[in-house]
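A short worksheet on the structure shown next.
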Amino acid sequence: MATNVNDEEYDRVKEVKQFDESKIGVKGLVDSGITTIPRFFVHPPDVLSQLKPGSKTRPDLVIPTIDLSGVDSHHNRSLIVDQIRQACSSFGFFQIINHGVPLGVLDRTIESIKGFHEEPTETKARFYTRGPGTGVSYISNVDLYNSKAASWRDTLYLRMGPKMADHDQIPEICRNEVIEWDREIKRLGEVLSGLMCEGLGVETWRLKEMTCLEGRTMVGHYYPKCPQPDLTVGAVYHTDADVFTVLQQDNVGGLQVKYGEDWVDVKPVPGALIINVGDLLQIISNEVYKSAEHRVLANSSHEPRVSIAVFFNVGNRDDLCGPLPELISSEKPALYRQFTVTDFMTRFFKTEVDGKSLSNYYKL
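With positions in the sequence shown counted from 1, the corresponding number in the working numbering is that position plus 108.
Written as structure tokens, this is what we have:
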């Protein structure tokens, strides 16, 4: 265990509150020179047993890599649509190359996010908040007070749409890079949503019409070296509660996706972006597409792991959401009831980020 404190003497709530109010994040703990992790980061034995090297992992499997070259030509597009349909229906994850986002933009953005997390604590602390506000916040573990155990990472959250966070509120060290990244990711998101729609056999613009590209949140995760990586995780296994996610990861690795009963390493591919199906798209597609559980192992490398995810979500949150009528028939009835995205997201933020998410709650 991380401490020698007896169970009767250990006050988890107090220790979590002290950590949160210190605003130093996991990076601050590492900088303080700790050699054992605080007890509230230690995960239960049933979780840790699944993290041992080689336990239920499939080194022979890789998630699909899809080349978007020539996506606007009829021949190439039909091949790409078929590949995306297969990837979304099986793994729920795939990597894309030749996606049109310049390598320089990728490098500058991830370096700027790394730079933010490595700024002095007093510089970052003014962004540390759990309450609603400017659309910019820096915290460690969004579910810190609800989870069974915390994860070894810090996160910068940025609201990118429908209305971007105030320009002056975005940390200066990454401001220009984030704005440039959002411009590129909006364009890419429209391309991807069109391909996903065609894979479902519906009109190319269908997801865009439902405002599925307008609600965008960007997160910049920072996973510093963990002194006891066998006792915690970088991110617990979960599914994303959005329509789809675009992820950039650096070369450190640690991301795994569940395929059947096994875990598959999502190995970094230079210049590639990772795309995964979210729970809302699983519902909208009436389970033609599947959201996949994924996790991040605690970082044992001396180099920090940095990743950037953009969650594409419905902008009009009071609109009703459910399986597309075009995908419902007597042979394939609707598998989910109608609901508002406001209800869905409120429920998401009140629960622990753990395991198969809220889609089951809305099943018929």
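Glycine residues also receive a C-beta, built at the ideal position from the N, C-alpha and C atoms. Quick caveat, the model's predicted, so the values are computed rather than measured.
Rounded straight-line distance, which links the Cα of residue j to that of residue i
| i | j | result |
| --- | --- | --- |
| V121 | G239 | 19 Å |
| I392 | G200 | 14 Å |
| K398 | P153 | 29 Å |
| F352 | G323 | 11 Å |
| L339 | S415 | 22 Å |
| E306 | D190 | 9 Å |
| W260 | I247 | 12 Å |
| P172 | N206 | 14 Å |
| K125 | P431 | 41 Å |
| Y444 | G309 | 19 Å |
| V385 | K366 | 13 Å |
| N284 | L472 | 45 Å |
Minimum C-alpha distance to residue i - residue among the options
| i | options | result |
| --- | --- | --- |
| V138 | G379, Y470, P332 | P332 |
| H151 | G362, L443, G386, G342 | G342 |
| Q364 | A380, A400, L381, H329 | A400 |
| I293 | D373, N249, V354 | V354 |
| E317 | I188, N424, A442 | N424 |
| I436 | T165, E395, F457 | E395 |
| S408 | E369, C334, L159 | C334 |
| I221 | K131, A417, L169 | A417 |
| N468 | P441, L388, L432 | L388 |
| A349 | E288, F420, G328, W371 | F420 |
| D358 | P337, G368, H329, V344 | H329 |
| D290 | R413, P210, G386 | P210 |
| V360 | Q390, H346, V377 | V377 |
| I383 | E219, L159, M304, K256 | M304 |
Burial state of residue i, where buried means 16 or more other Cβ atoms lie within 10 Å
| i | result |
| --- | --- |
| I142 | exposed |
| P167 | exposed |
| T217 | buried |
| F457 | exposed |
| S181 | exposed |
| H225 | buried |
| V113 | Legend: pLDDT at V113 = 44, less than 50; position of this residue unreliable, value from coordinates given subsequently. The residue in question, V113, is exposed, as its Cβ has fewer than 16 Cβ neighbours within 10 Å. |
| D427 | exposed |
| D262 | buried |
Those residues which DSSP pairs with residue i across a bridge
| i | result |
| --- | --- |
| F447 | C429 |
| I205 | D175 |
| I247 | T263 |
| R542 | An answer regarding residue 542 cannot be provided, because it is not within the stretch 109 to 472 covered by the chain. |
| D373 | Q364 |
| F352 | V385, F420 |
| V414 | Y330 |
| H402 | H346, V365 |
| T165 | W371 |
| V341 | L405 |
Cβ distance (whole Å) where residue i is taken to contact residue j below 8 Å
| i | j | result |
| --- | --- | --- |
| G302 | T312 | 4 Å |
| I132 | T229 | 5 Å |
| T325 | D274 | T325 to D274, Cβ: 15 Å. No contact. |
| I204 | A442 | Between A442 and I204 the Cβ distance is about 30 Å, and since that is not below 8 Å, they are no contact. |
| F235 | P279 | 6 Å |
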